[in-house]
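Using our numbering, the letters of the sequence shown correspond one by one to residues 310 to 773.
Ideal Cβ positions, reconstructed from N, Cα and C, are used throughout, including at glycine.
This one's a predicted model, so the numbers in the text were calculated from it and none came from an experiment.
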Amino acid sequence: MLKNQFHDILPGSGIREIYEDSKREYEQVLGEGYALEAQAMGLLTEAVEAGQGELVVFNWNGFAASDYVYVENPETVPMNLERTWDGKGILYVKDVPALGYRTISDAGESGARGFLQVATDTVETEDLKVTLNKAGQFTSVYDKKEQRELLSPGQCGNRLVTYEDRPHNYDAWDINDYYTLKAWPLDEEAEISILEQNAMRAVLRVHRKYLDSTIVQDLIFYHEGTRIDVVNHVDWKEKNILLRSLIPVDIHAEQASYEIQYGNVQRSTYYNTSWEQAKFEVCAHKWIDLSEDGYGVSVLNDCKYGYDIHDGVIGLTMLKSAVYPNPDADKEQHEFAYSIVPHRGGWRENETIQKAYLFNNPLTARKKEQAGGTLPGRFSFAEIDRKNVVIEVLKMAEDGDGMILRLYEAFNRRTHAALRLAEPVRKAAECDMLEQEEKILQAEGSVLRLIFEPYEIKTLKIHF
């Protein structure tokens, strides 16, 4: 039925042409958007009161954040920055205000260097000791502070496996439950090299060939914390092949947590019923988590949303290879990343939500070209005082009158929260999703007191 509909609308080669047109249009829109963003950030940076060569670090997330920041052209910055393999500077910046910025004048003020040792088969940081086999898979991920192994006994993490992918219908969209019957693990020896080693981080590059394709993974380990980033560069040439990464973990949990828009859901990790069997592949947005009482692991991602978590094995779908409606749709250069984050406690205590937002929307640094400016050196437009309440949207109102803030409760918890804004509030109201005012709020200067029910979404319209 789908094929007939496509051919009725787009006979002949029209299907392929519309994909090519769409790609060009997306590239144009993204290019224009990035140019406008760079222009706006440049103007804002020069308006901040700071010395020439100092850095202004921006945080576009709705919570104060500390994280690694990368600096373009570090040789022009009068600071002692560590260098990355691709020529950028790197530093760790603490406490950048929510939806705001802070200035940095000295790299030493933002974060101390720590312990980090690296070889092609072992990486040890302040918190982790990771060993790899010759295929570039993790044979051990040992949490030094918790004194426990993350991986299941005798199994390997970040193990790539391909499967035959021939769904009954909707070739580019469906995955059928029988796909696991034909599997080909990528267990052959890979080329492993140390791409980068400095006081902040180490990067191992794992280079693999698979049929006509090339899969390169940069494994990034940081001097502190348990996060392991996996940055993938894939030159994909296959068809009807599904590529997945498997992470078998020694964690006892009957349910896993999956982020969805404005919340999260829990799903079974077993196939005991037909309903559970039907959920052999489910969606998640920026993160998933599998935790027992006291310990767990989160997986963050920046654009891959298909997961399978059963019997202690976390599976992430990386690539399909559809041949219809576009026979060359996936034969492209792909770049994407995910991050493995072992942690004490559950995902709430680990601040997995905040880490996932930062993974997708990292801190950004810009250099002051000229000294001076009139804006303060530290600024936050809006900040909420509860970790379980997330600021998701900040924008102008659709009618052009006022600002819109949309927030949601993420822990399934009733909460009293205080929203602090940059200026005194003249008028504020709760709205529906169409931004129609429903309830006037009384502001205390620049603070709004809010009460959230579990998983409640609130839309606020604010006038200053």
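For this session: Indicate whether LEU552 and LEU528 have their beta-carbon atoms separated by less than 8 angstroms.
Result: Against a cut-off of 8 angstroms, the Cβ pair of LEU528 and LEU552 comes out as no contact.
Problem set entry | Coarse secondary structure for GLN586, derived from DSSP in three states | For GLN586, the secondary structure class from DSSP, reduced to helix, strand or coil, is helix.
Exercise. Looking only at DSSP bridge pairs, what is VAL699 linked to?
Worked result: The beta-bridge partner set that DSSP reports for VAL699 consists of TYR717.
Exercise. Less than 7 angstroms between the CB of SER554 and some heavy atom of the ligand FMN, yes or no?
Worked result: As presented, the structure is devoid of all ligands, the ligand FMN included, so that no description of it is given.
Problem set entry | Own chain, CB closer than 7 angstroms to LYS453, minus 5 neighbours either side, in chain order | In the same chain as LYS453, and ignoring 5 residues on each side of it, the C-beta atoms closer than 7 angstroms to its own belong to ASP436, LEU437 and LYS438, in chain order.
Exercise. Can you give the Cα-Cα distance for GLU329 and PRO634, rounded to whole angstroms?
Worked result: The straight-line gap from Cα to Cα measures roughly 13 angstroms.
Exercise. For the alpha helix (DSSP H) that contains ASN370, what are its first and last residues?
Worked result: In the DSSP assignment, ASN370 falls outside any alpha helix (DSSP H), carrying neither H nor E.
For this session: Just the C-alpha distance for GLN361 and ALA508, rounded to the nearest angstrom, thanks.
Result: Rounded to the nearest whole angstrom, the C-alpha separation of GLN361 and ALA508 is 26 angstroms.
For this session: List in chain order: all unbroken beta strand (DSSP E) runs of 3+ residues lying wholly within the segment 442–499.
Result: With a minimum length of 3 residues, the continuous beta strand (DSSP E) runs that stay inside the segment 442–499 are 447–452, 468–473 and 492–494.
Exercise. For GLN683, which residues of its own chain have a beta-carbon under 8 angstroms away from its beta-carbon, when the five flanking residues on both sides are left out?
Worked result: Correcting the residue type first, residue 683 is Thr in the shown sequence and not Gln. Closer than 8 angstroms at Cβ, skipping near neighbours: ALA356 and GLU358.
For this session: Quick one: which unbroken beta strand (DSSP E) runs of 3-plus residues sit fully inside the segment 580–654? Chain order, please.
Result: Those beta strand (DSSP E) runs which fall completely within the segment 580–654 and span 3+ residues are 596–601, 604–610, 615–619, 622–628 and 642–653.
For this session: Taking the CB atoms as reference points, tell me whether THR582 and GLN564 lie closer together than 8 angstroms.
Result: No; because the gap between Cβ atoms is not below 8 angstroms, this pair is not in contact.
Problem set entry | Per-residue burial, GLN586 [other beta carbons within 10 Å of its own, 16 or more giving buried] | It counts as exposed.
Exercise. Whose C-beta lies closer than 7 angstroms to the C-beta of GLY423 among residues of the same chain, with five residues either side of it excluded?
Worked result: So the list reads GLU435, HIS532 and GLU533, once near-sequence residues are dropped.
For this session: Pull up the distance between the alpha-carbon of VAL450 and that of THR768, whole angstroms please.
Result: C-alpha separation (whole angstroms): 42 angstroms.
For this session: Select from TYR567, CYS592, LEU628 and ASP611 the residue whose C-alpha is nearest the C-alpha of LEU774.
Result: Residue coverage of the chain in this structure runs from 310 to 773, which leaves residue 774 outside it and unanswerable.
Problem set entry | Residues sharing a beta bridge with GLY681, DSSP | Per DSSP, ALA359.
For this session: Could you say which of GLU701, ILE693, LEU743 and LYS736 lies nearest to HIS725 if we only look at CA atoms?
Result: Proximity to HIS725 across GLU701, ILE693, LEU743 and LYS736 peaks at ILE693, based on C-alpha coordinates.
For this session: Please check the pair GLU765 and GLU718, which I expect to be a contact at CB under 8 angstroms, by giving their CB distance rounded to whole angstroms.
Result: The distance from the Cβ of GLU765 to that of GLU718 is about 5 angstroms, consistent with a contact at the 8 angstroms cut-off.
For this session: Look at the alpha carbon of MET350 and the alpha carbon of VAL525, and state the distance between them as a whole number of angstroms.
Result: Across the structure, MET350 and VAL525 are spaced so that their CA atoms are roughly 33 angstroms apart.
Problem set entry | Alpha carbon of LEU311 to alpha carbon of ARG333, nearest angstrom | Low confidence applies to LEU311: its pLDDT is 45, below 50, so where it sits in the model is not reliable enough to give any reading.
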